[in-house]
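Participant: Residue numbers (the working numbering): 53 to 626.
Think of the CB as a built atom: it goes at the ideal place given N, C-alpha and C, for glycine as much as any other residue.
Small disclaimer: the values here were computed from a predicted structure and weren't measured.
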Ligand code: DGT
Ligand code: CA
Ligand code: CA
């Protein structure tokens, strides 16, 4: 197995962790951490550099000793020092160190005094109240450890975007109120609108950081302050979500924002461009020799690299830099471009609001139309719609449309795609509707071939309009079922039907790469909330984020069409 930079970086991080538990010299520990970082960011493989006979000590933070370790690992796949450290301390130390509140000192005390070697043993020690007696621990610490272990084992390590949005926006708003604070932005994967975030990264500007740091580390939801320096701090909220804050001078805002927005791969790519132009870029600015040439705002940073500003959702090093250079960045769709929502539930089944409430909420969002798409009746579903139920709902919709100005309700249904590709309502019933959303509700275990086939056959039904998230992905806990998306998108194009991004926080599919595929195939994507209550229409912004990550422009999105243009498109599928 060839050794990659990521393997080298992981080995050095583990060495640093273990040295820290052993109480080694802090400079030595830092040297390994810096080297890990250098390796992780290195554009070429260290292995290749060695093969070329390059001198690794020319890399930042790599001295003779570390260069020797890199050579050793590349040549043998092993590191003698790490092997020795592993034999001295339990293998699960690295995992113990990742539990909030457990620094190396505590991990080593727990190991020495209570023989705690694993997370499981840690849990039992805390539960049995053996930790409080240790020197330097106490009852409160023990309780925090117990909570942290529970959070560590029971929670997914990533948090859904919509869930993270609540603390993100609350904390940002509170920091903005601190006197002397000018700008506060939640950067990182949150700003890139990834469907889940590992932690939150906040960048704030202030001439003096003290007040904003204090406000941050004393936030009402803090369970643990992991670190608190002069300009940077990390906290863990009661929910287990970690939040990092970085306070910079107003003139460094742009550079810090670019850096902490990432993604890391994007940062590495733009650093390479900077190097080629004889510039140095970091979180403080862009420099030419000793002179600072950019960094006040993001625009100046990109301009100094000869690029236009790149929207955060595109910053994944997936072609955005070439597109920027060529002046070919997409004009990304915005929430304000949406004219309606084509997949919502009201007035039937598990919907929590009546048709009128939903219609008024949609109108208040500035929408022109709203499709009501209750679920068709099926075994095990309470309140599903049959032909008679749909007819009654159709009459109620006609009455509301006659009464309400400024919003038009469309008649739809969410039909289940059966195992053989039929839909769970007869064609004669579906034909009376404005649109039919097809969804897979069961049979997630089918093979990739059969799953794909059943969806293709369903799309062939005469009244099929819009395919609800065909990956059936629930971010947690259900794994995606395997389908052949290129085939499905190709078929949608032949058939003239559409695919959906569900803005529902649990779903957020299509995946961004499939959005891009749909765009390239000319298949329109509908961004829908799947709302079961009026307030859930607000989730559409996360669907728009997903569309933007998939490079979609206004014209690529079905429900940016005004009603007059939408109707013939829907008709075309009936
Ligand atoms: P997450 O938290 O896993 O959802 O993903 P991010 O992208 O928020 O990653 P995070 O929180 O580790 O770091 C925030 C940003 O900081 C990241 O997007 C880019 C930047 N960053 C972090 N570590 C490095 C690094 O080692 N090198 C470079 N160039 N940038 C980094
Ligand atoms: Ca993050
Ligand atoms: Ca972070």
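Under a three-way DSSP split, which group does residue 526 fall into?
Facilitator: Caution is warranted here: a pLDDT of 47 is assigned to residue 526, below 50, making its placement in the model unreliable, and no coordinate value can be reported.
Participant: Mind checking residue 529: buried by the 16 CB within 10 Å criterion, or exposed?
Facilitator: With a pLDDT of 40 at residue 529, under the threshold of 50, the modelled position of that residue is not reliable, and no figure is offered here.
Participant: Considering only the alpha carbon of each residue, which of 335, 225, 465, 461 lies closest to residue 440?
Facilitator: The candidate whose alpha carbon is nearest that of residue 440 is 465.
Participant: Following a CB-centred definition, is residue 406 positioned closer than 7 Å to any heavy atom of ligand 4?
Facilitator: What this structure holds is ligand 1, ligand 2 and ligand 3, not ligand 4.
Participant: Tell me which residues share the same chain as residue 330 and place their Cβ nearer than 7 Å to its Cβ, disregarding the 5 neighbours each side in the sequence.
Facilitator: Taken in chain order, the residues that qualify are 340.
Participant: Can you find at least 3 beta carbon pairs, one from the segment 177-189 and one from the segment 307-319, that sit closer than 8 Å?
Facilitator: No contact exists between the segment 177-189 and the segment 307-319.
Participant: How is the alpha helix (DSSP H) around residue 79 delimited, first residue to last?
Facilitator: That run of the alpha helix (DSSP H) goes 78-93.
Participant: Would you report the Cα separation of residue 243 and residue 592, rounded to the nearest angstrom?
Facilitator: Near 16 Å, if we compare the C-alpha coordinates of residue 592 and residue 243.
Participant: Which partner residues of residue 212 appear in the DSSP bridge assignment?
Facilitator: Looking at the DSSP assignment, residue 212 forms a beta bridge with 248.
Participant: Going by C-alpha to C-alpha distance, which of 241, 352, 288 sits closest to residue 305?
Facilitator: Closest option to residue 305, Cα to Cα, is 352.
Participant: Got a list of residues with beta-carbon closer than 5 Å to any non-hydrogen atom of ligand 3, in chain order?
Facilitator: Going along the chain, the residues that qualify are 251, 253, 296.
Participant: Excluding sequence positions up to five away, which residues of its chain have a Cβ less than 6 Å from the Cβ of residue 345?
Facilitator: So the qualifying residues of the chain are 338, 356.
Participant: Assign residue 279 to one of two classes, buried (16 or more other C-beta atoms within 10 Å of its C-beta) or exposed (fewer than that).
Facilitator: Label assigned to residue 279: exposed.
Participant: Can you check the segment 466-540 for any beta strand (DSSP E) of at least 3 residues that lies completely inside it and give the ranges in chain order?
Facilitator: Runs of the beta strand (DSSP E) inside the segment 466-540: 487-491.
Participant: Specify, as a first and last residue, the run of the alpha helix (DSSP H) that residue 312 falls within.
Facilitator: That run of the alpha helix (DSSP H) goes 305-313.
Participant: Who does residue 463 pair with in a DSSP beta bridge?
Facilitator: Per DSSP, 424.
Participant: Does the Cβ-Cβ distance between residue 365 and residue 601 come in under 8 Å?
Facilitator: Against a cut-off of 8 Å, the Cβ pair of residue 601 and residue 365 comes out as a contact.
Participant: When you compare only the Cα positions, how much space is there between residue 268 and residue 282?
Facilitator: Near 12 Å, if we compare the C-alpha coordinates of residue 282 and residue 268.
Participant: Pair every Cβ in the segment 156-169 with every Cβ in the segment 88-96, then say whether three or more of these pairs are closer than 8 Å.
Facilitator: These segments do not touch.
Participant: For residue 581, which of helix, strand or coil comes out of DSSP?
Facilitator: Reduced to three states, the DSSP call for residue 581 is coil.
Participant: Going by other Cβ atoms of all chains shown within 10 Å of its Cβ, with 16 needed for buried, is residue 552 buried or exposed?
Facilitator: Residue 552 should be labelled buried.
Participant: If we count Cβ pairs, one from each stretch, closer than 8 Å, do we get three or more for the segment 95-113 versus the segment 162-176?
Facilitator: Contact fails: fewer than three Cβ-Cβ distances are below 8 Å.
Participant: Tell me whether the beta-carbon of residue 256 lies closer than 8 Å to the beta-carbon of residue 249.
Facilitator: Contact: no.
Participant: What do you reckon, is the C-beta of residue 313 under 7 Å from a heavy atom of ligand 1?
Facilitator: Under cutoff, so the answer is yes.
Participant: Would residue 414 pass as a contact of residue 456 if the rule is Cβ separation under 8 Å?
Facilitator: No.
Participant: For residue 334, which residues does DSSP report across the bridge?
Facilitator: Its beta-bridge partners are 337.
Participant: Could you tell me which of 406, 468, 445 sits nearest to residue 432, measuring between CA atoms?
Facilitator: For residue 432, the nearest C-alpha among the options comes from 468.
Participant: Which residue marks the beginning of the alpha helix (DSSP H) containing residue 132, and which one marks its end?
Facilitator: Counting along the chain, the alpha helix (DSSP H) containing residue 132 begins and ends at 132-140.
Participant: Quick one: Cα of residue 580 to Cα of residue 222, how far?
Facilitator: Distance between the alpha carbons of residue 580 and residue 222: 26 Å.
Participant: Taking contact to mean 3 or more Cβ pairs, one atom from each stretch, closer than 8 Å, check whether the segment 595-611 and the segment 370-385 are in contact.
Facilitator: The answer is yes - the segment 370-385 touches the segment 595-611, with three or more Cβ pairs under 8 Å.
Participant: Would you kindly work out how many angstroms separate the C-alpha atoms of residue 270 and residue 102, rounded to a whole number?
Facilitator: So the alpha carbons of these two residues sit roughly 49 Å apart.
Participant: Expressed to the nearest angstrom, what Euclidean distance is found between the alpha-carbon atoms of residue 623 and residue 486?
Facilitator: Their backbone Cα atoms lie some 7 Å apart in a straight line.
Participant: Quick one: what's got a C-beta closer than 8 Å to residue 574's C-beta in the same chain, skipping five residues either side?
Facilitator: Excluding positions up to five away in sequence, the list reads 545.
Participant: Quick one: give me the first and last residue of the alpha helix (DSSP H) that residue 159 is part of.
Facilitator: First-last of the alpha helix (DSSP H) with residue 159: 156-166.
Participant: Ligand 2 and residue 240: does any heavy atom of the ligand fall closer than 7 Å to the residue's C-beta?
Facilitator: For ligand 2, at least one heavy atom lies less than 7 Å from the Cβ of residue 240.
Participant: Excluding sequence positions up to five away, which residues of its chain have a Cβ less than 8 Å from the Cβ of residue 615?
Facilitator: Cβ within range, chain order: 391, 392, 420, 421, 460.
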